[in-house]
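The opening position of the sequence shown corresponds to residue 0 in numbering that gives the first Met the number 0, with each subsequent residue numbered one higher. Ideal Cβ placement from N, Cα and C applies to all residues, glycine included. Accompanying notes for the structure given below.
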Amino acid sequence: MTRMPVYILAALIAAAPLSAAAQDRGERGGRDRDGERPRREQSDERPRVSVGAAVQRASAGRPGRFLGASNRGDMIVVRWEYPGGRVADIMVDGQSGRVIGER
């Protein structure tokens, strides 16, 4: 039973969307009506943290087990069960990957 969080984390990482580099190469086939690839708009937005990476950050140094994770806009919420049965939601910033807090 102690290996269950590792298996869940591996499944989350495997289910992650294509990387930005793969999308730049056109592996998803995104073309407009004229058959040309749309130009990507330049933005100073930093890359987003994957759900798997957020789970790793939230679980680092915490006893207990992983229950689930959800992406909520600019934040990823990791549900964690501590020994003794207390369940907490750990908020991770979706841009930096920094643990914001817990409730």
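Worksheet entry | Alpha carbon of V48 to alpha carbon of W79, nearest angstrom | Each residue's CA atom was taken as its position, placing V48 and W79 some 19 Å apart.
Practice prompt. Helix, strand or coil for S58, going by three-state DSSP, please let me know.
Written response: Three-state DSSP puts S58 in a helix.
Fill in: Local conformation of V48 per DSSP, three classes
coil
Fill in: Burial state of V5, where buried means 16 or more other Cβ atoms lie within 10 Å
exposed
Worksheet item: Which residues in the same chain have their Cβ closer than 8 Å to the Cβ of P82, if we skip the five residues on either side of it in sequence?
Response: The residues are P62, G63.
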